[in-house]
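**Student:** Using numbering that gives the first Met the number 0, you'd call the opening residue of the sequence shown number 0 and step up by one each time. Ideal Cβ placement from N, Cα and C applies to all residues, glycine included. Predicted model, so just to flag it, every value in this text is computed and none were measured. Structure below; questions to follow.
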Amino acid sequence: MHFALSEDQIALRDAVREMLAAQCPPAVVRAAWPDGEKAAVDELWTALAQMDVFGTAVPEEAGGLGLDETDLVPLLEEFGYAAVPLPAAETAMVVTPLLAAVGDPRLPDVLSGATRVAVAGADGLVPYGDRSDLVLVLTDTQARLVTPEPGPTLATVDGSRALTRLPDTAGDPVTDDPELVSTARLHVDLATAAQLVGLGRRMLDLTVEYVGTRRQFGVPVGSFQAVKHHLANALLRTEFAAPVVQAAGWAVAQRRPNRATDVSMAAVLAAEAAQEVARAAIQCHGAIGYTVEYDLHLYAKRTWALAANCDVDAHLDRLAGALDLNEEVAA
0 MHFALSEDQI
10 ALRDAVREML
20 AAQCPPAVVR
30 AAWPDGEKAA
40 VDELWTALAQ
50 MDVFGTAVPE
60 EAGGLGLDET
70 DLVPLLEEFG
80 YAAVPLPAAE
90 TAMVVTPLLA
100 AVGDPRLPDV
110 LSGATRVAVA
120 GADGLVPYGD
130 RSDLVLVLTD
140 TQARLVTPEP
150 GPTLATVDGS
160 RALTRLPDTA
170 GDPVTDDPEL
180 VSTARLHVDL
190 ATAAQLVGLG
200 RRMLDLTVEY
210 VGTRRQFGVP
220 VGSFQAVKHH
230 LANALLRTEF
240 AAPVVQAAGW
250 AVAQRRPNRA
260 TDVSMAAVLA
270 AEAAQEVARA
280 AIQCHGAIGY
290 TVEYDLHLYA
300 KRTWALAANC
310 DVDAHLDRLA
320 GALDLNEEVA
330 A
């Protein structure tokens with residue numbers, strides 16, 4: 000089975016890449032941290048809406064582009080590469096397809112960028128909750144929209160995610176259709192996996208550039224065998240995870256019977272790969288890799304935050320069940 004991107008998919012990905020390079024440089028990610036200037040962050044959201052990114056996986060008759068998960072995964076990798084400090088990936092992959100599926104009247108405002116919707120985590124915390132008008136809550140049986148309440152932004156490893164707590168309110172039910180809810184939950188994991196692949200690639204690019212210019216003993220540190228081995232291993236893990244994430248997107252788009260296990264495999268591999276890249280990148284940078292003045296921490300901290308929310312153990316349990324492994328063997 001061939002999972003190479005089509006010419007149209009490459010063109011769409013490259014257009015988003017160019018826009019994010021201009022609209023979401025590290026300075027904009029820094030601006031999303033507490034006490035930063037948020038105007039540039041708001042401008043980024045507007046630019047994403049104007050490109051119709053939020054409607055990528057929405058049918059044309061509902062105001063979208065009529066594409067699917069295989070087209071969206073490469074875009075979300077670019078969101079990860081840029082560490083977009085907004086619920087853009089969640090909106091494009093989770094929120095708008097779900098609202099379109101149920102014919103929710105709020106869809107046009109979400110597509111236009113007038114309404115921002117964050118997605119609550121299983122722990123009751125809401126990434127980007129401080130920058131959202133609504134919060135989508137997904138349980139095992141229901142999807143509902145909740146209006147966030149004013150409250151303090153919580154301290155977290157990645158301050159650009161503007162983390163808040165889920166308000167204690169029932170909210171407005173969107174659907175209790177088990178198929179739609181299950182698909183939305185798969186979309187959450189798929190969006191996370193795609194962003195982790197992009198983050199891994201960004202940290203690798205930063206590190207390769209650094210070790211190619213930083214010199215010790217009269218030569219670039221990138222010429223040292225130990226550095227080469229660290230980065231080669233990190234690259235291998237990333238490039239192994241990337242096609243698995245793309246394949247999971249295809250499985251979800253085609254409603255394959257094994258789509259849940261495919262998404263779990265993608266989530267596990269992407270989380271482990273990105274975390275290994277973060278470790279290798281920090282080690283290869285040396286002391287400067289630990290400083291907040293250097294850009295690497297923006298992407299490493301986003302990696303740690305996304306990987307922590309990925310629930311790798313649950314995904315491994317799902318994979319073990321699909322392989323019919325008993326508890327003793329799995330242990």
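Starting from ARG278, trace the beta strand (DSSP E) in both directions and tell me its first and last residue.
**Tutor:** Segment 258-284 is the alpha helix (DSSP H) holding ARG278; no beta strand (DSSP E) there.
**Student:** Give me the Cα-Cα distance between ALA329 and ASP310, rounded to the nearest whole angstrom.
**Tutor:** Residue placement at ALA329 is flagged as unreliable, the pLDDT there being 47, under the threshold of 50; the coordinate-derived value follows with that caveat. Going from the Cα of ALA329 to the Cα of ASP310 covers about 17 Å.
**Student:** Can you find the residues in the same chain that come closer than 8 Å, C-beta to C-beta, to VAL40, ignoring five residues on each side of it along the sequence?
**Tutor:** VAL27, ALA30, ALA31, PRO84, LEU85 and ARG130
**Student:** Could you work out which residue in THR191, ARG258 and HIS284 is closest to GLU178 when comparing CA atoms only?
**Tutor:** Among THR191, ARG258 and HIS284, the Cα nearest to that of GLU178 belongs to ARG258.
**Student:** In chain order, what residues of the same chain have a beta carbon less than 6 Å from the beta carbon of TRP303, not counting five sequence neighbours either side?
**Tutor:** VAL156
**Student:** Report the rounded CA-to-CA distance for GLN253 versus LEU137, giving the unit in angstroms.
**Tutor:** 22 Å
**Student:** How about LEU332 and ALA88: do their beta carbons lie closer than 7 Å?
**Tutor:** Because the chain spans 0 through 330 in this model, residue 332 falls outside it and cannot be assessed.
**Student:** May I ask which residues mark the beginning and end of the beta strand (DSSP E) holding ARG143?
**Tutor:** 142-145
**Student:** What distance in whole Å lies between the Cβ atoms of VAL196 and ALA240, which are believed to be in contact at a cut-off of 8 Å?
**Tutor:** 6 Å
**Student:** Look up PRO333 in the DSSP assignment and give the residues it is bridged to.
**Tutor:** Residue 333 lies beyond the stretch modelled for the chain, which goes from 0 to 330, so this question has no answer here.
**Student:** Can we count ALA279 as close to the ligand NAP, meaning its CB is less than 6 Å from some heavy atom?
**Tutor:** In terms of ligand content, the structure shown is empty, and the ligand NAP therefore cannot be addressed.
**Student:** Helix, strand or coil, according to DSSP, for ARG200 in the structure here?
**Tutor:** helix
**Student:** Between the region 57-74 and the region 1-11, are three or more C-beta pairs nearer than 8 Å?
**Tutor:** Enough Cβ pairs lie closer than 8 Å, so yes.
**Student:** From the DSSP output, which residues share a beta bridge with ARG184?
**Tutor:** Residue pairing by DSSP places ARG184 in no beta bridge whatsoever.
**Student:** Could you have a look at ALA355 and say whether DSSP puts it in helix, strand or coil?
**Tutor:** In the structure as shown, the chain starts at 0 and stops at 330, and residue 355 therefore has no counterpart that could be examined.
**Student:** Alpha carbons only, please: which of VAL109, ALA91 and ASP139 is nearest the one belonging to MET174?
**Tutor:** Correcting the residue identity first, residue 174 is Thr in this sequence and not Met. The residue with the shortest Cα to Cα distance from THR174 is ASP139.
**Student:** May I have the straight-line CA-CA distance separating LEU165 from ALA10, to the nearest angstrom?
**Tutor:** So the two alpha carbons sit approximately 38 Å from each other.
**Student:** Which residues does DSSP pair with ARG164 in a beta bridge?
**Tutor:** LEU124
**Student:** Who are GLN194's beta bridge partners in DSSP?
**Tutor:** The secondary-structure analysis by DSSP pairs GLN194 with nothing; it has no beta-bridge partner.
**Student:** Could you name each continuous alpha helix (DSSP H) segment of 4 residues or more that falls completely within the region 43-119, going from the start of the chain to the end?
**Tutor:** Contiguous alpha helix (DSSP H) elements confined to the region 43-119 occur at 68-81, 95-101 and 106-111, taking only those with 4 or more residues.
**Student:** Whole angstroms is fine: what's the gap from GLY63's alpha carbon to ALA193's?
**Tutor:** 21 Å
**Student:** Please say whether LEU162 and LEU124 have beta carbons closer to each other than 7 Å?
**Tutor:** yes
**Student:** Check for me: the alpha helix (DSSP H) holding VAL156 runs from which residue to which?
**Tutor:** Counting along the chain, VAL156 falls outside any alpha helix (DSSP H), and DSSP gives it neither H nor E.
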